[in-house]
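For what it's worth, our numbering labels the leading residue of the sequence shown as 6, then goes sequentially.
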Amino acid sequence: MQTFLLSVLIFTCYFESYGFSSTENEKQYCLTLNNEVKCENLTNIILSRLDGHESGHIQNIRIEDGRQLEIKTLSLKPLILEISNFLTKKECKHLKEMAIEEGLQSSETHNWDNSNRFILQDKDNDKRLSLEEMKLTLMGGFDVHLNKEDILLMYKEIKIDKDNDEYITQSEMSSFSPKHFERYLNTFLKTHPEKHSRYSRQVWLKPDTSDDEVFNRIINRTSTLVDLPVELMKLSDFQVVNYDIKGHYHAHWDSSGLDKAAPCCDKIRKNNCRICRYMTIFFYLNDVKDGGGTAFPVANNETVDLGEITKQELYNLNEKCGSPGLKVTAEMGKAIIWYNHFVNPESGWLGEQDVHTYHGGCPVKKGEKWVANFWIKVTDDKQDDLAKMHKYQQLLSKKEKKKGKDEL
């Protein structure tokens with residue numbers, strides 16, 4: 006394992022190249038790792054990344070309750086690690102109970118922005134939409150995945166295809182607005198919710214404010230596993246998700262690519278920003294009777310061709326789950342880990358996106374599925390991230406001291 010707090014030599018030219026002053030780099034940031042508070046300078050701190058060695062490689066770890074577990078490397082492109090029985094049955098049950106008490110809501114992936122506009126996908130510029138082009142248009146505008154039969158039924162219901170030739174011309178489209186499609190699809194999706202890219206219920210738990218003993222034990226164990234500070238884990242996002250029959254999540258990326266023009270989203274900035282999640286730690290909270298695995302359609306590919314993903318409909322896990330690529334079976338207590346980004350070799354912080362992390366949830370065929378996503382968040386601004394983590398560490402220290410005094 007790489008160590009998060011790593012001592013390195015400090016060169017003046019490094020500071021000049023990346024705009025750091027000696028004062029900034031000499032400032033001490035105190036963070037908690039393996040139950041020990043350590044204070045280091047800015048340049049000494051880098052993001053850790055576990056070493057997968059090779060596909061099939063097994064590493065042994067011992068966790069705080071004395072159990073010895075195995076970390077198995079499932080893939081190197083992207084790096085995916087699997088740890089069976091990382092959570093106990095009681096811990097899985099506890100997270101589910103926390104989610105139910107908090108209140109699950111329908112999962113959303115696409116917000117209609119009330120602009121009543123969508124982009125017509127006339128790929129061949131022939132001034133009419135084929136069934137495939139209409140499919141892409143509705144997918145982009147309404148986050149809905151329809152097949153040929155679904156679209157033909159829609160044409161019949163809204164009476165848009167006047168000559169019944171399965172093509173929609175400019176003339177036929179002229180009397181319809183996005184609202185016409187939206188009204189029809191809202192009704193259609195009530196009886197066909199599986200046609201959304203995501204069909205599930207979810208709730209956000211709050212690692213930064215929770216005093217739940219079991220939840221905090223899981224966070225601390227995970228911190229030790231991935232060799233990242235507790236403060237970073239607690240300032241990240243934790244989501245519990247429930248999938249019923251036909252519940253699924255089409256293939257997607259958990260984090261956005263680097264873009265200097267768009268800042269990373271945070272608790273305050275939620276619009277006109279990009280999602281920045283260094284890594285994903287994914288927990289299965291129950292055994293699924295049939296289906297419900299996690300698919301990585303482009304795992305182990307030499308390249309990732311977005312055009313081919315669309316052409317082959319690799320995103321559609323209702324129809325193409327686990328072939329090609331890699332599929333992980335849902336088993337209670339199992340954790341899988343993958344890194345959405347590489348580490349920037351210059352800053353030791355958030356680097357390029359790993360496009361091979363394209364993944365999603367296969368449909369549940371029998372029973373139900375409970376999972377938890379632990380998204381570890383950092384931004385492009387290493388110094389700002391560390392300052393927030395340091396401030397949070399001081400807050401935690403004060404709480405612990407106050408708790409100790411109250412117990413005396």
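Ideal placement from N, C-alpha and C gives every residue a C-beta, glycine not left out.
The shortest CA-to-CA distance from D292 to any of A256, D166, M144, L92 is the one to L92. Under the DSSP assignment, F301 falls in the beta strand (DSSP E) whose first and last residues are 299-301. Fully contained in the segment 41-84 are the following beta strand (DSSP E) runs of length 3 or more, in chain order: 41-45, 63-67, 73-81. By the neighbour-count criterion, in which a residue is buried when 16 or more other Cβ atoms sit within 10 angstroms of its Cβ, N130 is exposed.
A104 sits in a helix when the DSSP states are folded into three classes.
If you draw a straight line from the Cα of I341 to the Cα of S80, it comes to about 11 angstroms.
For E236, the enclosing alpha helix (DSSP H) stretches over residues 235-239. Judged by DSSP in its simplified three-state form, A392 adopts helix. Burial state of W375 is buried, judged by a 10 Å Cβ sphere holding 16 or more other Cβ atoms.
Rounded to whole angstroms, the separation of the alpha carbons of Y172 and S179 is 14 angstroms. Burial of T362 is indicated by the presence of at least 16 other C-beta atoms within 10 angstroms of its C-beta. Under DSSP, the beta-bridge partners assigned to I342 are L86, I286. Judged by DSSP in its simplified three-state form, D359 adopts coil rather than helix or strand. As the crow flies, the alpha-carbon of N247 is around 10 angstroms from that of L290. Between I381 and L210, the CB-CB gap reaches or exceeds 8 angstroms. In the DSSP assignment, N276 falls outside any beta strand (DSSP E), carrying neither H nor E. Q399 and E336 have their C-alpha atoms some 38 angstroms from each other. Here DSSP, grouped into helix, strand and coil, assigns F220 to helix.
Distance from the Cα of L190 is smallest, within the candidate group A104, M144, D166, for M144. In the three-state reduction of the DSSP assignment, V369 falls in the strand class. In the assembly as shown, P212 is a buried residue. Its beta-carbon has 16 or more other beta-carbons within 10 Å.
Between R279 and D259, the C-beta gap is not smaller than 8 angstroms, which leaves the two residues out of contact. Burial is judged here by how many other beta carbons sit within 10 angstroms of a residue's own beta carbon; F181 has fewer than 16 and is exposed. In terms of Cα proximity to G327, the closest of V309, K43, C367, T315 is C367. Y254: not part of any alpha helix (DSSP H); member of the beta strand (DSSP E) spanning 253-257, first to last residue.
Assignment of S180 by DSSP, reduced to helix, strand and coil, places it in the coil class. With 16 or more other CB atoms across the displayed protein chains lying within 10 angstroms of its CB, H99 is buried. Judged by DSSP secondary structure, Y160 falls within the alpha helix (DSSP H) whose first and last residues are 153-163. Collapsing the DSSP output to three states places T174 in a strand. Excluding its 5 nearest sequence neighbours in each direction, S112 has C-beta neighbours in its own chain below 6 angstroms: R203, S205, Q207, listed in chain order. Pairing G356 with K94 gives a Cβ-Cβ distance that is not under 8 angstroms. Assignment of L190 by DSSP, reduced to helix, strand and coil, places it in the helix class. Under DSSP, R206 forms a beta bridge with S111, N247. Going by C-alpha positions, K77 is about 25 angstroms away from N221. Contact between E199 and N378 is ruled out by a C-beta separation of about 21 angstroms, above the 8 angstroms threshold.
According to the DSSP assignment, T315 belongs to the alpha helix (DSSP H) that extends over 311-316.
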